[in-house]
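Each position in the sequence shown, counted from 1, maps to that position plus 578 in the working numbering.
Ideal Cβ positions, reconstructed from N, Cα and C, are used throughout, including at glycine.
Structure record follows, encoded as structure tokens.
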Amino acid sequence: MARFTIPRDVYHGKGTLETLKELKGEKAIVVVGGGSMKRFGFLDTVVNNLKDAGMEVELFEGVEPDPSVETVMKGAQAMRKFQPDWIVSIGGGSPIDAAKAMWAFYEYPDTTFEDLCIPFNFPTLRTKAKFCAIPSTSGTATEVTAFSVITDYEKGIKYPLADFNITPDIAIIDPTLAETMPKKLTAHTGMDAMTHAIEAYVSTLNSDYTDPLALHAIKMVSEYLIPSYAGDSEARERMHNAQCLAGMAFSNALLGIVHSMAHKTGAAYSGGHIVHGCANAMYLPKVIKFNAKEPEAAKRYAQIADFLRLEGTTTEELVDALIAHIKKMNAQLDIPSSIKDYEGGIIDENEFLEKLETVAELAVGDACTGSNPRSITPKQMEQLLKCCYYDTEVDF
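Given below as structure tokens:
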């Protein structure tokens, strides 16, 4: 038996923040990240619309990029004190991811983070509140997914939480918010969306329900990401839709080892964090090459290339064409081809090699590895990570 879950309502198009005026409830807590939503006036619009709906509103501000366990606990405590019946989160993936985890601890104060880290082990939510997500970036698609990524900074690990319970009730896809994204964020979130769609299409859990969403998202990202990066407003709007479609696909088909690697390398090194979308972009060509040793995966990658009308007549040629396509997009988006060159070399080679065995083991054990189309051992993961660090060919 398979399952396909998305929010009950997805409102899309410019001006859809007005939908908040129609929510029914008494209290709403708004979870938000840094100052950009406030600076551009979107936070005030959200608060005012909720008040127009007759609700008392409280803010939980300052969710950091790559939200921490500590922030989640503070937010849950604030919710328990305020007792909202709506949780509304606006911003990038971080505040929405954080709010999803806060939701669980709000409704179940006695649960533990260790319990939630077990895939599809959340308690039944909506006993106290419903959830509305409003993304300001075009990549994570957390507004339509059953996933949340929370970081334990003490352990240097990102935990992907997974449960259909945390799929929001309402997603508001208003492209006006995405028009404020800076170029680098546009590039990184856009390639995150591309990775979501490609990994969903080749996942072992792909289905007739997820394939059309994944393929159309791949085509849209291929067509609109570069113009969006250049500042084209129509392309920004199309990318906001594309990333949402990719999210619907991967939330139900799951992902693969590109994300396993990104989760476990993101916070592992003292030199700095590897931004999630950039990590995905760097790793994706290498993982396609690795996975293509599996015939069924190669066939699926070739189907993507054929759908994009890339040149090639054999499966191998089409797979190579897809890899070349991704690399060309990365170059146009000023994304490096290796970890070694990331942000001018902030990830120290000695530290990378010293932690390689541990990071590889953690990546293999990541929740996303199980649906990857080719199985991988810790030793193979070490090899693959080294290929990603040095930008060497994957031939195993």
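Cβ of residue i within 8 Å of any chain C Cβ
{"i": "L595", "result": "Here there is only one protein chain, and chain C is not present."}
Residue burial classification, residue i (beta-carbon count within 10 angstroms, cutoff 16)
{"i": "E815", "result": "buried"}
{"i": "I665", "result": "buried"}
{"i": "I696", "result": "exposed"}
{"i": "L940", "result": "buried"}
{"i": "E685", "result": "buried"}
{"i": "N928", "result": "exposed"}
{"i": "S806", "result": "buried"}
{"i": "G670", "result": "buried"}
{"i": "Q961", "result": "buried"}
{"i": "P760", "result": "exposed"}
{"i": "K708", "result": "buried"}
{"i": "Y968", "result": "exposed"}
{"i": "G834", "result": "buried"}
{"i": "G593", "result": "exposed"}
{"i": "F700", "result": "buried"}
{"i": "P746", "result": "buried"}
C-alpha gap between residue i and residue j, whole angstroms
{"i": "E870", "j": "S811", "result": "Note that residue 870 corresponds to Ala in the displayed sequence, not to Glu. Between A870 and S811, the C-alpha separation is close to 36 Å."}
{"i": "F742", "j": "R581", "result": "10 Å"}
{"i": "E757", "j": "G809", "result": "8 Å"}
{"i": "G619", "j": "G613", "result": "10 Å"}
{"i": "L601", "j": "I750", "result": "12 Å"}
{"i": "I583", "j": "E874", "result": "Residue 583 is actually Thr in this sequence, not Ile. Each residue's alpha carbon lies about 26 Å from the other."}
{"i": "F698", "j": "A824", "result": "21 Å"}
{"i": "S915", "j": "D770", "result": "15 Å"}
{"i": "K964", "j": "G850", "result": "18 Å"}
{"i": "N784", "j": "A778", "result": "6 Å"}
{"i": "C966", "j": "S726", "result": "25 Å"}
{"i": "F683", "j": "T689", "result": "7 Å"}
{"i": "K659", "j": "P673", "result": "19 Å"}
{"i": "A677", "j": "D622", "result": "19 Å"}
{"i": "A631", "j": "T597", "result": "10 Å"}
{"i": "M615", "j": "I668", "result": "8 Å"}
Residue i - containing beta strand (DSSP E), residue span
{"i": "I607", "result": "K605 to V610"}
{"i": "L637", "result": "E634 to F638"}
{"i": "V588", "result": "D587 to H590"}
Alpha helix (DSSP H) segment containing residue i, residue limits
{"i": "I882", "result": "P873 to F885"}
{"i": "S829", "result": "S811 to A831"}
{"i": "L601", "result": "Where L601 is concerned, there is no enclosing alpha helix (DSSP H), given that its DSSP letter is neither H nor E."}
{"i": "T594", "result": "First-last for T594: undefined, no H or E at that position."}
{"i": "N869", "result": "H854 to N869"}
{"i": "L911", "result": "Run containing L911: none; DSSP gives neither H nor E here."}
{"i": "Y968", "result": "P956 to Y968"}
{"i": "R617", "result": "S614 to R617"}
{"i": "E642", "result": "That residue, E642, is in no alpha helix (DSSP H); it is neither H nor E in DSSP."}
{"i": "T843", "result": "I835 to T843"}
{"i": "N627", "result": "F620 to D630"}
(message) List, from N- to C-terminal side, the beta strand (DSSP E) runs of 3 residues or more that fit wholly inside the region 689-766.
(response) 708-713, 725-730, 735-740 and 748-751
(message) Give the list of continuous beta strand (DSSP E) stretches no shorter than 3 residues that lie fully inside the region 644-684.
(response) 664-669
(message) In chain order, what are the residue ranges of uninterrupted alpha helix (DSSP H) at least 4 long that sit wholly in the region 782-808?
(response) 789-807
(message) When you compare the region 918-935 with the region 843-855, are there three or more beta-carbon pairs, one atom per stretch, that lie closer than 8 Å?
(response) yes
(message) Three or more C-beta pairs under 8 Å: does that hold for the region 583-597 against the region 645-654?
(response) no
(message) I want to know whether the region 626-640 touches the region 711-721 - three or more CB-CB distances under 8 Å.
(response) no
(message) Contact between the region 853-861 and the region 759-773 is defined here as three or more beta-carbon pairs at a separation below 8 Å; is this criterion met?
(response) yes
(message) Tell me whether the region 872-892 and the region 934-948 touch, counting them as touching only if at least three CB pairs, one residue from each stretch, are closer than 8 Å.
(response) no
(request) Quick one: which unbroken alpha helix (DSSP H) runs of 4-plus residues sit fully inside the region 887-955? Chain order, please. (result) 893-910 and 927-942
(request) Decide yes or no for the touch test of the region 892-899 against the region 941-951: beta carbon pairs closer than 8 Å, at least 3 of them. (result) no
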